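Taken in order, these protein sequences are the chains called A and B. Taking the working numbering, the leading residue of the first sequence gets 62, the next gets one more, and so forth. Taking the working numbering, the leading residue of the second sequence gets 3, the next gets one more, and so forth. Here a beta-carbon is modelled for each residue, glycine too, at the ideal position from N, C-alpha and C. Keep in mind it's a predicted model, so treat the numbers as computed, not measured. Working notes, beginning with the structure itself.
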Amino acid sequence: MIEFQNVTKVYPNQNRAALENVDLTVNKGEFVFLVGPSGSGKSSFLRLILREERPNEGRILVAGNDLARLTNWKVPALRRKIGCVFQDFRLLPSKTVEQNVGFALEVIGKPRRFIKRVVPEVLDLVGLEGKHDRMPDQLSGGEQQRVAMARAFVNRPMILLADEPTGNIDPATSIGIMKVLDRINRTGTTVVMATHDAAIVDSMRKRVIELEYGKVVRDQNRGIYGQAY
Amino acid sequence: MRSNFVFQEIWVGLRRNLTMTMALIVVVAISLSLLGTGLLFVKQVDRTRTYWQSQVEISVYLCYKGDINPNCHGAITPQQQQQLVTTLTSMSQVENVTYVSQAEAYTLFKSAMSNEQSLVSTVTASELPPSLEIKLRNPSADYQIVSSAVQGRAGIDSVIDEMTILQKFYNLLNGLRNAVIVVALILVVAAVLLVANTIRLSAFNRRRETGIMRLVGASNFYIQLPFLLEGVIAGLFGWVIAAALLIGVKSLLLNNLQQYFSYNVGLSAGDLIEVIVLAMVIGVALCGVTAFVTLRRYLRV
């Protein structure tokens, strides 16, 4: 589903590579934790998958697309196969929960009847029953993140990228968020989650990829966060 | 394509920077109306020029008894007059030559000055020069040749060629037109910069929305269309105001100017519509292209 072949990424005006010679494969339906200290290249990894950045060297294959060969106007089609969740939720404050999720479908031109049917289903899936008409500022952090996950998942992407989704949320609420991610993963969606949260990684026992200074230093099935931290 | 979604976005965008949008509309309106006025002037000058050039004649005023011009030594002799007419009629550029006697000149003078009875009463037939009115085949090309051929001959008081008189009037009109067009072009530049700035602000105001749109895979077209249409709609509003101003210019300014001429060289409604349509094309193209170029810089994939 995601394949990095000797990928190196150096940002302009920087001496050190953000990613160096990264070579790995994530299979369809896998759940992968991406761990490592700040600046180790986790976010660059995710941005490369989204083709927000392009590698200096190496090849990246995502959902059957060679990103080097992908023309600009085909990038939207790639991103429709990928859902994204962030630490800061990125909801639209002037829209209700339902409108926020519907927005993602609206802007890719889905018909209104389809949106009306699909959005409530997804909101129920992430555990927001009865809160469809709330505004984002009336929700707790955990609930806002659920809205963001609903928006990322509503178009049934093949891949879900989560960049520290529990970073702004207390540990008790984080468990709920992880349950939703797990539920999404069980529908066959590949999940890649960058995180600093050792407790979550240790309890889930999924594949762990550890980055340090842009290099993969550990790739372990059913791994834990690591002793050093 | 969800059209109501796009229109909703446009409305939100226009409302969010209302002051900027209004400034944009006003500048577009003024620059388009000035540009249109310039174009109307061009048309008016052309129309007048074509009309007059076909009408232009050379008047050769002849010496008469009591003429005070130092070139004259008493009235022109019949031989001199005969010679002059022969020279003129033999020129290939001349279509015909008409002799206007003092009595005829007085009749023409009376009818031309019918509003100024006091002036008419002080002038008698013997004070007006007789003349030869020369009609030319191709006035605009030949008036110089013909007028210089007779200039300075004995028995001639003066040669008036209407082209030189007209030229002054044309210079005035041309100057006016150029001034209007220069000001209009400066305003067009201002309008372009304002469109760019308005679109940029609008894009900045909605960077959250566009960021999400990019992430969920909305096409560039879908992301940019609301901004593009925002510019075009502001341009159209400006154009509507400009069209009203242009109708005013035509009916108040140019039609009033028309009163001073006895021939009909006024612009038709068709000319006005042509200029207004041209103004619309320019306005929409201006706003659309500027918005498009700005968006390419500020809303990348």
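Open item on the list: Counting only beta-carbon separations shorter than 8 angstroms, does SER5 of chain B have a partner in chain A?
Closed with: no
- [ ] Go to LYS137 of chain B, then tell me how far its beta strand (DSSP E) extends in each direction, as first and last residue.
- [x] First-last of the beta strand (DSSP E) with LYS137 of chain B: 133-138.
Task: Same chain, Cβ closer than 7 angstroms to THR296 of chain B, neighbours up to 5 away in sequence not counted - done: ALA198, ILE201 and ARG202
TODO: Grab me the residues of LYS89 of chain A's own chain with a C-beta within less than 8 angstroms of its C-beta, minus the 5 sequence neighbours each way, in chain order.
DONE: MET62, MET219, GLY249 and THR251
Open item on the list: Can you tell me which residues form a DSSP beta bridge with GLU59 of chain B?
Closed with: According to DSSP, which records beta bridges pairwise, GLU59 of chain B is partnered with B:LYS137.
Open item on the list: Since TYR211 of chain A and VAL183 of chain A should fall inside the 8 angstroms C-beta cutoff, what is the C-beta to C-beta distance between them, to a whole number of angstroms?
Closed with: Here residue 211 of chain A is Ala; the residue named in the question, Tyr, does not match the sequence. So it is a contact: roughly 5 angstroms between Cβ atoms.
TODO: Just the chain A side, please: which residues come within less than 8 angstroms of ARG298 of chain B by C-beta, in chain order?
DONE: Ordered by position in chain A, no residue passes the 8 angstroms Cβ test against ARG298 of chain B, which lies about 11 angstroms from the chain.
Task: According to DSSP, residues forming a beta bridge with PHE94 of chain A - done: When DSSP reads this structure, PHE94 of chain A sits in a beta bridge with A:MET254 and A:VAL269.
- [ ] May I have a chain-ordered list of the alpha helix (DSSP H) segments no shorter than 4 residues that lie completely inside the region 17-81 of chain B?
- [x] Within the region 17-81 of chain B, the complete alpha helix (DSSP H) runs of at least 4 residues are 20-57.
Open item on the list: I need the DSSP call for ASP54 of chain A, collapsed to helix, strand or coil.
Closed with: Residue 54 of chain A lies beyond the residue range present for chain A, which begins at 62 and ends at 290; the question has no answer from this structure.
Task: Euclidean distance between Cα positions of TYR66 of chain B and GLU106 of chain B - done: Here the alpha carbons of GLU106 of chain B and TYR66 of chain B stand approximately 14 angstroms from one another.
Task: Meets three-Cβ-pair contact criterion under 8 angstroms: the region 209-229 of chain B and the region 134-151 of chain A - done: In this structure the region 209-229 of chain B touches the region 134-151 of chain A; the number of beta carbon pairs closer than 8 angstroms is three or more.
TODO: For the beta strand (DSSP E) containing LEU222 of chain A, list its first residue and its last residue.
DONE: 220-224
Open item on the list: If contacts are defined as beta-carbon pairs under 8 angstroms, then ASP159 of chain B and GLN95 of chain B qualify, I think. What distance do you get, rounded to the angstrom?
Closed with: Not confirmed; about 22 angstroms, so no contact.
Task: For GLU64 of chain A, the three-state DSSP class (helix, strand or coil) - done: strand
Open item on the list: Within 10 Å of its beta-carbon, does PRO73 of chain A have 16 or more other beta-carbons around it, so buried, or fewer, so exposed?
Closed with: Flag for PRO73 of chain A reads exposed.
TODO: Determine the closest residue to ASN176 of chain B out of B:GLY38, B:ASP48, B:ASN71 and B:ALA271, with distance taken between C-alpha atoms.
DONE: ASN176 of chain B has its Cα closest to that of B:ASP48, out of B:GLY38, B:ASP48, B:ASN71 and B:ALA271.
Open item on the list: For a test of the three-state rule: what should DSSP assign to THR126 of chain B, helix, strand or coil?
Closed with: coil
Task: Residues within the region 217-229 of chain B neighbouring chain A, beta-carbon criterion of under 8 angstroms - done: Here the close residues are LEU217, VAL218, GLY219, ALA220, SER221, ASN222, TYR224 and ILE225.
Open item on the list: Is GLU167 of chain A close to chain B? Criterion is C-beta to C-beta, closer than 8 angstroms.
Closed with: Cβ-Cβ to chain B under 8 angstroms: yes for GLU167 of chain A.
Open item on the list: Once the 5 residues before and after GLN46 of chain B are set aside, which same chain residues still bring their CB inside 7 angstroms of it?
Closed with: LEU256 and LEU269
- [ ] Report back the beta-carbon spacing between ILE183 of chain B and GLY40 of chain B to the nearest angstrom; my notes put them in contact at under 8 angstroms.
- [x] 4 angstroms
- [ ] Sort B:VAL99, B:THR166 and B:VAL234 by Cα distance to LEU26 of chain B and report the nearest one.
- [x] B:VAL234
Open item on the list: Using a Cβ-Cβ cutoff of less than 8 angstroms, which residues in the same chain neighbour VAL277 of chain A once the five nearest sequence positions on both sides are dropped?
Closed with: VAL83, ASP84, LEU85, ILE270 and GLU271
Open item on the list: Residues of chain B with CB closer than 9 angstroms to the CB of ASN246 of chain A, please, in chain order.
Closed with: Going along chain B, no residue has its Cβ under 9 angstroms from ASN246 of chain A, so there is no contact; the nearest lies around 20 angstroms.
Task: Residues near LEU288 of chain B by beta carbon distance below 8 angstroms, same chain, minus five either side - done: VAL30, VAL190, ALA193, VAL194, VAL197 and GLY237
Task: CB contact below 8 angstroms: GLY170 of chain A versus chain B - done: yes
Open item on the list: Using 8 angstroms as the threshold, is the C-beta distance between THR69 of chain A and ASN117 of chain A below it?
Closed with: yes
TODO: Output yes or no for whether 8 angstroms exceeds the beta carbon distance between VAL187 of chain A and VAL241 of chain A.
DONE: yes
Open item on the list: Strictly under 8 angstroms for the Cβ-Cβ distance: is THR117 of chain A near chain B by that measure?
Closed with: Here residue 117 of chain A is Asn; the residue named in the question, Thr, does not match the sequence. Not closer than 8 angstroms to any Cβ of chain B, the Cβ of ASN117 of chain A fails to qualify, so no.
Task: Distance CB(GLN148 of chain A)-CB(ASN229 of chain A) smaller than 8 angstroms - done: yes
- [ ] Taking C-beta pairs closer than 8 angstroms, name the residues in chain A that ARG210 of chain B reaches, listed in chain order.
- [x] ARG151 and LEU153
Open item on the list: Short of 6 angstroms in beta carbon distance, which residues of its chain neighbour PHE7 of chain B, apart from the five on each side in sequence? Order them along the chain.
Closed with: none
Task: Residue burial classification, PHE150 of chain A (beta-carbon count within 10 angstroms, cutoff 16) - done: buried
Task: Proximity of LEU42 of chain B and VAL251 of chain B at Cβ, strictly below 8 angstroms - done: yes
Task: Contacts around SER92 of chain B, its chain only, beta-carbon distance under 8 angstroms, and the 5 residues preceding and following it disregarded - done: none
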